[in-house]
Amino acid sequence: LVESCGKFLKEEVKVDNAVAMLDSVLDRNSKEVEDKCFALIDQETMKCLESSSSVEVSERCMKVILSRDTLNATEIDLFKYLVKWGKKNNSKSNEDLKKKIENLIHYIRFPLMSMKELIREVRPLGIVNDREYIEALEF
C-alpha cells in the first residue's frame with residue numbers, strides 16, 4: 047500500500063502542486079517523490095512558485111527551496127516569492143512581514159540582484175537591514 051501510494055504521488059507531481067507536495071513529503075520517507083518534486087521545481091521554478099498552493103507551505107519547506115542552488119529563477123523572483131509567502135499569513139505591516147521571514151531572508155543572495163532591483167523592489171519594503179542593503183549595492 048505504501049509503495050502504491052508513493053508511486054501514485056510520484057506520477058501526480060505537476061507544476062501546480064509540486065511545492066505543496068514537497069512540503070507534505072519532507073517528513074515522510076518518500077525519497078522518490080521528494081526527488082521528483084525537486085526535479086520539477088528546479089526545471090520549472092517560476093511556474094511552481096506562481097501556483098496558488100506554493101504560498102501555503104511550511105517555513106521548513108521554504109528553507110529547503112530557497113537554499114537550493116539549482117533553481118531556474120532570479121534572486122529578485124525568489125525574494126518576491128518569499129515576500130508573497132510572508133504576506134500570506136496576514137502580515138499587515140512591513141514589521142510583521144520582516145518578523146515572519148526573518149529566518150529565511152538570509153537565503154536570498156542580494157548581491158546577485160541589480161542595483162535597480164535593490165532600489166525599486168527591496169529597499170521600499172524596509173525588511174533588509176541597512177548593512178545588508180549597502181553590502182549588496184557595493185558588490
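Counting in our numbering, the sequence shown runs from 47 upward without gaps.
Ideal Cβ positions, reconstructed from N, Cα and C, are used throughout, including at glycine.
Contacts around residue i, its chain only, beta-carbon distance under 8 Å, and the 5 residues preceding and following it disregarded
{"i": "Cys-107", "result": "Val-65, Leu-68, Asp-69, Leu-72"}
{"i": "Glu-25", "result": "There is simply no residue 25 to check, as the chain begins at 47 and stops at 185 in what is shown."}
{"i": "Lys-60", "result": "Leu-86"}
Span separating the alpha-carbon of residue i from that of residue j
{"i": "Arg-155", "j": "Lys-146", "result": "18 Å"}
{"i": "Ser-99", "j": "Ile-180", "result": "34 Å"}
{"i": "Glu-78", "j": "Val-101", "result": "23 Å"}
{"i": "Ser-50", "j": "Met-161", "result": "Only weak support exists for where Ser-50 lies, its pLDDT of 49 falling under 50; the coordinates are left without a value."}
{"i": "Arg-169", "j": "Glu-80", "result": "35 Å"}
{"i": "His-152", "j": "Lys-133", "result": "17 Å"}
{"i": "Glu-148", "j": "Asp-176", "result": "15 Å"}
{"i": "Leu-95", "j": "Asp-142", "result": "22 Å"}
{"i": "Arg-114", "j": "Asn-140", "result": "26 Å"}
{"i": "Glu-171", "j": "Glu-57", "result": "The sequence shown places Leu at residue 171, not Glu. Computed Cα separation, rounded: 40 Å."}
Closest Cα partner of residue i within the set the options
{"i": "Asp-62", "options": "Asp-81, Glu-90, Asn-75", "result": "Glu-90"}
{"i": "Leu-183", "options": "Glu-163, Gly-172, Ile-173", "result": "Glu-163"}
{"i": "Gly-84", "options": "Arg-74, Val-103, Val-110", "result": "This sequence places Phe at residue 84; Gly is not what is there. That would be Val-110, whose Cα lies nearest to the Cα of Phe-84."}
{"i": "Asp-88", "options": "Leu-158, Ile-173, Ala-119, Arg-166", "result": "Ala-119"}
Proximity test, Cβ basis, 7 Å: residue i and chain D
{"i": "Trp-131", "result": "No chain D is present in this structure, which holds just one protein chain."}
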